[in-house]
Amino acid sequence: MSAKADIALIGLAVMGQNLILNMDSKGFVVCAYNRTLEKVIHFLNNEAKGTKVIGATSLEDMVNKLKTPRKVMLLVKAGKAVDTFIEHLVPLLSSGDIIIDGGNSEYQDTSRRCEELRVKGLLFVGSGVSGGEDGARYGPSLMPGGHSDAWPLIQPIFQTICAKVDNDPCCEWVGEGGAGHFVKMVHNGIEYGDMQLISEAYHILKSLGLSETEMAQQFDKWNSEELDSFLIEITRDILMFKDHKGYLLNRIRDVAGQKGTGKWTAIAALQYGVPVTLIGEAVFSRYLSSLKNERVHASKQLKGPGFKPKVDDLKMFLNHIKQALYCAKIVSYAQGFMLMREAAKENKWNLNYGGIALMWRGGCIIRSVFLGNIKDAYTRNQHLPNLLLDNFFKKAIEFGQHSWRQVVSNAFLWGIPVPALSTALSFYDGFRTEKLPANLLQAQRDYFGAHTYELEGQEGRFIHSNWTGTGGKVSASTYQA
Ligand code: 2AM
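Numbered by this note's numbering, the letters in the sequence shown go through residues 32 to 512 in order.
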C-alpha cells in the first residue's frame, strides 16, 4: 500500500478519536492506531465511517502508511505508555521523523524524551492539548514545544485544526524541551484557580439566600461583562440544570477530585520559589473538600460567628462580588505568568507571553475575553515584568479593590471560607508593600541560628550580631560585623 497518510494518531480514547475526526474534517489523511486493535476496527466502522481515516494493524503497518517525514502523534495515558510507544517506534522511524506527545505528560518527562530522541535524530514534540472532547473535535487550544525543527513541519496541521479567535490560531510554538507541557500545566493550574474563585462566589451568593435562578441571572450578567468566559457561562447553565427531582447542583456531593496537574503547578511554584498562592489554595481547597467525614463531624463541634450573612444593599454587594472575582482573577493570572517567567529563565525557554495568552484565548477551558486583555498587555509591552503593572490591570484593581476588600472582610465576619479570594488580596497587598516584616524574620534567624542578615543599603554584606551577649561570635556562614 502506498504511503498516503499525513499523520498517524495512536490512542483511540475520547481525545484521540475527536482529534482524528477534526484533522479529517480539515482535509488531512489520518492513520489511526491503538494498543487494543479492536478499537481501531470499531472506530473505522462507527465514528470514522465515511471519512478518509485509515487504520493500521501494527506499528509497522502504520509507519509504512505515512508520508515522510513521518508524523506520529500519541494520545495515550501519560507516563509509561508514552515511553513504551516511543521505544517501539524508534527502530521503525528514520532520521527527521517526528513524534508528538499530545497527552498530559509531566514537562520534565517531555524534556527528557526530547533529548533522548534528539540523539537518535528524531524530532520530539510535547504538546498541550486543551478543550476537552468538544475542543478536540472542533478546535482545541494547542501548546506545542520540544525540538524546534519540528515546528515548520507540523505547523500546517496544528494551526489548521486549532481554535481561532478573530482568525488568529490558538496555537503557537511555545519553546524548547518541555516548554509546551509546562505551559499546559500552568493552564490547568489557572483553571483550578478560576474554578475555585467561582465556587467561592457561589458559596457567598448561596449564603446570602439567592435562589438558583437569581444566582444564574448574576452569572449571566457577569458573562456579558469583564468576566465573559466559558467557566462563568457553564456555571450559569449548571445552576439552572434540572432533572426529574429538580435542581441537580445542590444534590451533588461537595467533594472535589483532581487528576494532578493543578498539584503539579503548585509543586512547580514551590520548586521555582514563586508565590503562586491562589493556585496553591485552590489545590488545598480540593483536599479540604475531600475531608467530608471530618467536616461533617467538625460542623457539629466547632462554632463560627453565629449569625446569618446579611447586606443592606444587595445589588451593590452583588457588584462587589463581581469586582472581587475580577481582581482576584487578575492576581491569579499575574502569578501564573510569574511562574512561567521564572521557569523560562531557569530552562532557557524564550517564551512569548502574548502568544501564550492568545493560545488560551479560545478553545480551552479557561478561554475568556480577559485573556484578550492579557494579550493586549503584552502587545503594549513585550517585556512587561508583571501583569499587575500593566495600566489596564492596574486601573481595574484600583477600581475594584474597595469591593474586593468588602467581600473578603464580610466573608471573614460571616465565617464563609474564601481562601482564593483572600489569598489573592493578601498577595496584592504584599506585592505593593515596600517594606515587609521580613526584617524581623531575618533577625530571628540570626538570633537563634546565626544565619546572618543584610542591612538596608548594604546588600551582599552578611552580618551576624550577638543578640544575647552570651552567644558565640561565629555565624552560620560568611563573616560578621
Ligand atoms: P487501550 O485502548 O489499549 O487501553 C487512553 O487510556 C489511551 O491510552 C488508550 O488508547 C489506551 O489504549 C492507551 N494506553 C493506556 N495505557 C497504555 C499502555 N500501558 N500501553 C499502551 N497504551 C496504553
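Each residue gets a CB set at the ideal place from its N, CA and C atoms; glycine is no exception.
Computed from a predicted model, the values in this text were never measured in an experiment.
### Query
At which residues does the beta strand (DSSP E) containing Val61 begin and terminate?
Residue 61 sits at position 30 when you count from the first residue of the sequence shown. Note, Val61: beta strand (DSSP E), Val61 to Tyr64.
### Task
Tell whether a beta-carbon distance below 9 Å holds between Val438 and Ile235.
Reading the sequence shown from its first residue, position 407 is the one you call residue 438. Reading the sequence shown from its first residue, position 204 is the one you call residue 235. Yes, the Cβ-Cβ distance between Val438 and Ile235 is below 9 Å.
### According to DSSP, residues forming a beta bridge with Phe155
Position 124 of the sequence shown, counted from the start, is the residue given in the question as residue 155. Partner(s): Ile130.
### Task
Report the rounded CA-to-CA distance for Asn417 versus Ala109, giving the unit in angstroms.
Stepping through the sequence shown from its first residue, residue 417 is reached at position 386. Stepping through the sequence shown from its first residue, residue 109 is reached at position 78. Computed Cα separation, rounded: 33 Å.
### Message
Taking a contact to mean a Cβ-Cβ separation below 9 Å, would you say Ser158 touches Gly127 in this structure?
### Response
The residue given as residue 158 occupies position 127 in the sequence shown. The residue given as residue 127 occupies position 96 in the sequence shown. No.
### Query
Do you know whose CA, among Gly208, Ser453, Asp268 and Ala39, lies nearest Leu279's CA?
Walking along the sequence shown from the start, residue 279 turns up at place 248. Nearest option by C-alpha distance: Asp268.
### Task
Would you kindly work out how many angstroms separate the C-alpha atoms of Gly335 and Asn350, rounded to a whole number?
Numbered from its first residue, the sequence shown carries residue 335 at position 304. Numbered from its first residue, the sequence shown carries residue 350 at position 319. Each residue's alpha carbon lies about 26 Å from the other.
### Message
Looking at the strands, I want to know which residues DSSP matches up with Cys202.
### Response
Counted from its first residue, the sequence shown places residue 202 at position 171. Paired residues: Leu173.
### Query
Grouping DSSP H, G and I as helix and E and B as strand, with all else coil, what is Asp285?
Reading the sequence shown from its first residue, position 254 is the one you call residue 285. Note: Asp285 maps to coil in three-state DSSP.
### Task
Return the CA-CA distance between Gly291 and Ala313, expressed in angstroms with no decimal places.
Against the sequence shown, residue 291 aligns to sequence position 260. Against the sequence shown, residue 313 aligns to sequence position 282. Cα to Cα, the separation comes out at about 12 Å.
### Message
With DSSP as the reference, identify every bridge partner of Gly277, one or two as the case may be.
### Response
Walking along the sequence shown from the start, residue 277 turns up at place 246. DSSP lists Asp274 as partners of Gly277.
### Task
Leaving aside the five residues before and after Pro200 along the sequence, list all residues of the same chain whose C-beta is less than 7 Å from its C-beta, in chain order.
Taking the first residue of the sequence shown as 1, we reach residue 200 at position 169. The answer, listed in chain order, is Gln190 and Cys193.
### Query
Does DSSP put Val121 in a helix, a strand or coil?
One-based indexing of the sequence shown puts residue 121 at position 90. Note: Val121 maps to helix in three-state DSSP.
### Presumed contact (8 Å Cβ cut-off) between Leu382 and Gly206, rounded CB distance
Walking along the sequence shown from the start, residue 382 turns up at place 351. Walking along the sequence shown from the start, residue 206 turns up at place 175. Confirmed, Cβ separation roughly 6 Å.
### Message
If you measure from each CB to the nearest heavy atom of the ligand 2AM and keep those under 6 Å, what residues do you get, in chain order?
### Response
Gly42, Leu43, Ala44, Asn65, Arg66, Thr67, Lys70, Val107, Lys108, Lys111, Ala112 and Thr115
### Query
Do we get a CB-CB distance below 9 Å when we pair Tyr138 with the residues of chain D?
Annotation note: the requested chain D is absent from the structure, which comprises a single protein chain.
### Task
Work out the CA separation of Arg149 and Tyr364 for me, nearest whole Å.
As a position in the sequence shown, residue 364 is number 333, starting the count at 1. As a position in the sequence shown, residue 149 is number 118, starting the count at 1. When rounded, the distance between both Cα atoms is 34 Å.
### Query
Taking C-alpha atoms, which residue in Lys102, His212 and Trp182 lies nearest to Asp140?
Position 109 of the sequence shown holds residue 140. Closest option to Asp140, Cα to Cα, is His212.
#### Entry: Spatial neighbours of Gln289 in its chain, beta-carbon cut-off 8 Å, leaving aside the 5 residues before and after
In the sequence shown, counting from the first residue as 1, residue 289 sits at position 258. Tyr223, Val314 and Arg317, listed in sequence order.
### Message
With H, G and I counted as helix, E and B as strand and the rest as coil, what does DSSP make of Val94?
### Response
What you label residue 94 is simply residue 63 of the sequence shown in a count that begins at 1. Looking at Val94 - three-state DSSP - the assignment turns out to be helix.
### Query
Short check: CB of Phe462 to CB of Leu309, under 9 Å?
Within the sequence shown, numbered from 1, the residue matching residue 462 stands at position 431. Within the sequence shown, numbered from 1, the residue matching residue 309 stands at position 278. The answer is no: Cβ separation not under 9 Å.
### Query
What is the DSSP secondary structure of Gly335, reduced to helix, strand or coil?
Numbered from its first residue, the sequence shown carries residue 335 at position 304. In the structure shown, Gly335 sits in coil (DSSP, three-state: anything other than H, G, I, E or B).
### Query
Considering only the beta carbon of each residue, do His178 and Cys202 sit closer than 9 Å?
Position 147 of the sequence shown holds residue 178. Position 171 of the sequence shown holds residue 202. Not in contact: His178 and Cys202 (Cβ atoms no closer than 9 Å).
### Message
Quick check on the burial criterion: 16 or more other C-beta atoms within 10 angstroms. Buried or exposed for Ala329?
### Response
On the sequence shown, residue 329 is found 298 positions in, with the first residue counted as 1. Exposed, because fewer than 16 other Cβ atoms sit within 10 Å of the Cβ of Ala329.
### Task
Please go through the same chain and pick out, in chain order, the residues whose beta-carbon is closer than 6 Å to the beta-carbon of Phe155, but skip the five residues on each side of it.
Your numbering for residue 155 matches position 124 in the sequence shown. These residues qualify, in order along the chain: Ile130, Arg144, Cys145, Leu148, Gly177 and His178.
### Query
Using the beta-carbon count (16 or more within 10 Å), is Ala297 buried or exposed?
In the sequence shown, the residue the question calls residue 297 occupies position 266. Label assigned to Ala297: buried.
#### Entry: Cβ neighbour criterion (16 or more within 10 Å) applied to Pro171
The count along the sequence shown starts at 1 and reaches residue 171 at position 140. With 16 or more other Cβ atoms within 10 Å, it is buried.
#### Entry: Candidates Arg326, Tyr303 and Ser255, of which the one nearest Asp285 by Cα
As a first step, residue 285 is located in the sequence shown; it is residue number 254 there, counting from the start. For Asp285, the nearest C-alpha among the options comes from Arg326.
### Gln511 classed as buried or exposed, judged by whether at least 16 other C-beta atoms fall within 10 angstroms
Here residue 511 refers to the residue found at position 480 when the sequence shown is read from its first residue. With a pLDDT of 45 at Gln511, under the threshold of 50, the predicted position of this residue should be treated as unreliable, though the coordinate-derived value follows. The residue in question, Gln511, is exposed, as its Cβ has fewer than 16 Cβ neighbours within 10 Å.
### Message
What does the alpha-carbon distance come out to for the pair Lys294 and Val217?
### Response
Within the sequence shown, residue 294 is the residue found at index 263, counting from 1. Within the sequence shown, residue 217 is the residue found at index 186, counting from 1. Rounded to whole angstroms, Lys294 to Val217 spans 10 Å at the Cα level.
### Query
If you draw a straight line from the alpha carbon of Asn65 to that of Gln186, how long is it in whole angstroms?
The count along the sequence shown starts at 1 and reaches residue 65 at position 34. The count along the sequence shown starts at 1 and reaches residue 186 at position 155. Whole-angstrom Cα-Cα distance: 24 Å.
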